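Encoded as structure tokens, the structure appears first; notes follow it.
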Amino acid sequence: MPPIDLADSPIIDHHAHALIKAQPQTVAQLQGYFTESADPTIKAKFVPDSIMWMRGIRELAAYFGCDPTPEAVLAAHSAIPLPDLANQMWSAMNSGALFIDYGFGAAINYSVEEQRVFIQQPIEKILRLEWFLQDLIVELSTFRQVEEAFFARVASARADGHLGLKSIIAYRTGLDIQWVTRDEAMRAFGPVKDKADLDGKLRLADKTLCDYFVLLALEIANQQELPIQFHTGFGDTDVDLIKANPLYMRPLFQSGRFNRVPFVLLHSAYPYTRELGYLAAQYPNIYMDTSLAIPFITTEIPRMLHQIFGMTPLSKVLYSSDAFSIPEIFYLANKWGRAALEQVLGELVDSDALTVQQALKAGRDILGDNARRVYQFS
0 MPPIDLADSP IIDHHAHALI KAQPQTVAQL QGYFTESADP TIKAKFVPDS IMWMRGIREL
60 AAYFGCDPTP EAVLAAHSAI PLPDLANQMW SAMNSGALFI DYGFGAAINY SVEEQRVFIQ
120 QPIEKILRLE WFLQDLIVEL STFRQVEEAF FARVASARAD GHLGLKSIIA YRTGLDIQWV
180 TRDEAMRAFG PVKDKADLDG KLRLADKTLC DYFVLLALEI ANQQELPIQF HTGFGDTDVD
240 LIKANPLYMR PLFQSGRFNR VPFVLLHSAY PYTRELGYLA AQYPNIYMDT SLAIPFITTE
300 IPRMLHQIFG MTPLSKVLYS SDAFSIPEIF YLANKWGRAA LEQVLGELVD SDALTVQQAL
360 KAGRDILGDN ARRVYQFS
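Numbering (numbering that gives the first Met the number 0), first residue to last: 0 to 377.
Here you go:
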């Protein structure tokens, strides 16, 4: 069979994060971007033994044309001004657009507006709910004020230039979202507000409040058919992986209250990939994203794609990187994701599951066209 070649298919990276202003200066700092662990021992001692690192350094050396050593790769990275390096790498990976969840690390990252100046492609915004909600609780005095400000911000999200919403409730209190009354939320607000006033800041992790405001956001999104991304599955060390199983969200989908909301469940919910594939196959408005698993599960990426494609309609699978901080993570994610997609689609053609034409269309859809449809992006 002819090979499945997706090199000319631009990537719409619908879930990613901003570049960091302080780029790595040492190999130890560079290693920190090749793991999801926050543990310094993992970063210093064990990352060098990971395939993510060993393969990544080798492929980055090939890109830079330098020796395949961490020191040489870091030197090559540091020799190129970040705006130039970003443009070069995004061009090399044939990226067509970038959607940034800018709520994470805003103080140390380049803003969306700054990145639009030096990355020569469309860059769009995704609004992270929990981050601005906790700021509202710190800044405002009463539950009613917070509720009204939250409602206004979400209701105007699309008009303010956001293509969708993002929730990290999986990190904060889990995906087992409960139906919460306004009275229950008001009662929960007092102690949370007292702590916020005492500390001058807040990491919101009260289940009643998190559930209430995510449900409120879903009500608003349902009126506008506004997509919302949910973190599912693995991630940073502080995620409770048990409660990051997307099956916990089934009551929301089954309720029928949010049928007009495109739910984009992120990270293949790894290791709950089959569970997420099942949900995407059962509910019309559930979509499955492959980010973070690509690139971090490395040699398992093709196996994961086979698991997804076995049941999930190919029009409901979206590629993205969930990359962050340095251009090299974007480059590796997009390179490995495209290559694995070509490999797996080729194997499906070989096994007579797809024709060549169907495989090529599926590849183009997964890399970009599905995201264009879900986010109404042109």
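Note that beta-carbon positions come from the ideal geometry of N, C-alpha and C, so glycine has one too.
No experiment lies behind these values; they were computed from the predicted model shown.
Just list the residues that DSSP pairs V263 with in beta bridges. In the DSSP output, where bridge partners are listed per residue, V263 has Q228 and Y286.
Can you give me the C-alpha to C-alpha distance between I293 and D237, rounded to a whole angstrom? Between I293 and D237, the C-alpha separation is close to 20 Å.
What does the alpha-carbon distance come out to for the pair W335 and Q87? If I take the Cα positions, the gap works out to 17 Å.
Exposed or buried, W52, counting other C-beta atoms within 10 Å across all chains shown (16 or more means buried)? Under this definition W52 is a buried residue.
Simplified DSSP state of G234, which is helix, strand or coil: Note: G234 maps to coil in three-state DSSP.
Here's the rule: buried if 16 or more other CB atoms are within 10 angstroms of the residue's CB, otherwise exposed. What is A106? Sixteen is the threshold: since fewer than 16 other Cβ atoms of the shown chains lie within 10 Å of the Cβ of A106, the residue is exposed.
Give the straight-line distance between the Cα atoms of Q22 and L84, rounded to the nearest whole angstrom. Roughly 12 Å separates the two Cα atoms.
Distance between beta carbons of V213 and L128, contact taken as under 8 Å: Indeed they touch by this definition, with Cβ atoms about 7 Å apart.
Taking the alpha-carbon of S90 as reference, which of P301, P9, A75 and D48 has the nearest alpha-carbon? Residue P9 is the option with its Cα nearest to S90.
Can F262 and F233 be called in contact, C-beta distance under 8 Å? The criterion of a C-beta distance shorter than 8 Å is not satisfied by F262 and F233.
So what does DSSP say about F295, is it helix, strand or coil? DSSP places F295 in the helix class (H, G or I) of the three-state scheme.
Identified DSSP bridge partners for V316: According to DSSP, which records beta bridges pairwise, V316 is partnered with M287.
Burial state of V348 (16 or more Cβ within 10 Å): Buried, by the Cβ-count rule.
So the beta strand (DSSP E) R127 belongs to, where does it begin and stop? First-last of the beta strand (DSSP E) with R127: I122 to R127.
Alpha helix (DSSP H) segment containing K194, residue limits: Its alpha helix (DSSP H) spans residues R181 to D198.
Straight-line CA distance for S377 to A187? Note on geometry: alpha-carbon atoms of S377 and A187 lie some 42 Å from one another.
Are the stretch 281–288 and the stretch 305–324 touching, with three or more C-beta to C-beta distances below 8 Å? A contact is defined here as three or more CB-CB pairs under 8 Å, and the stretch 281–288 meets this definition with respect to the stretch 305–324.
Reducing DSSP to helix, strand and coil, say where F117 ends up. For F117, the secondary structure class from DSSP, reduced to helix, strand or coil, is helix.
Closest residue to I328 among D4, D12, I3 and D7 (Cα-Cα distance): In this structure, D12 is the residue among D4, D12, I3 and D7 with its C-alpha nearest to the C-alpha of I328.
L18 and P326: beta carbons closer than 8 Å? In contact: L18 and P326 (Cβ atoms closer than 8 Å).
Pairwise C-alpha distance: A60 and H266: In this model, H266 and A60 are separated by some 27 Å (Cα to Cα).
Buried or exposed by the 16-neighbour rule on C-beta atoms within 10 Å, applied to I296: With 16 or more neighbouring CB atoms inside 10 Å of its own CB, I296 falls in the buried class.
For D7, which residues from the same chain have a beta carbon less than 8 Å from its beta carbon, with the 5 sequence-adjacent residues on both sides left out? If we look at D7 and ignore the five residues flanking it on each side, its Cβ neighbours are N93.
Endpoints, the alpha helix (DSSP H) within which F376 is located: For F376, no alpha helix (DSSP H) run applies, since DSSP gives it neither H nor E.
Continuous alpha helix (DSSP H) stretch holding F63: start and end: Annotation: the continuous alpha helix (DSSP H) that includes F63 extends over I50 to F63.
Distance between A169 and V394 (C-alpha atoms, nearest Å): A question about residue 394 goes unanswered here, because the residues of the chain that appear run from 0 up to 377.
Look up F98 in the DSSP assignment and give the residues it is bridged to. Answer is E123.
Could you give the distance in angstroms between the alpha-carbon of L73 and the alpha-carbon of L29? A direct Cα-Cα distance of roughly 8 Å separates L73 from L29.
Measuring straight from C-alpha to C-alpha, what distance separates Q356 and E138? Distance between the alpha carbons of Q356 and E138 is about 55 Å.
What is the rounded straight-line gap between the Cα of A361 and the Cα of F117? Just so you know, the alpha carbons of A361 and F117 end up roughly 31 Å apart.
What does a CB cutoff of less than 7 Å around L135 pick up in its chain, not counting 5 residues either side in sequence? Once the five neighbours on either side are set aside, the close Cβ partners of L135 are V145, A148 and F149.
For L48 and L215, what's the separation of their Cα atoms in angstroms? Checking the sequence, you will find Asp at residue 48 rather than Leu. The C-alpha of L215 is placed about 45 Å away from the C-alpha of D48.
Span separating the alpha-carbon of A195 from that of F131: Each residue's Cα considered, the two are about 14 Å apart.
Pull up the DSSP beta-bridge partners for S166, would you. In DSSP, S166 forms a bridge with F229.
Secondary structure at N108, three-state DSSP: helix, strand or coil? Annotated three-state conformation of N108 is strand, per DSSP.
Terminal residues of the continuous beta strand (DSSP E) containing H76? Careful: H76 lies outside any beta strand (DSSP E), inside the alpha helix (DSSP H) at P69 to S77.
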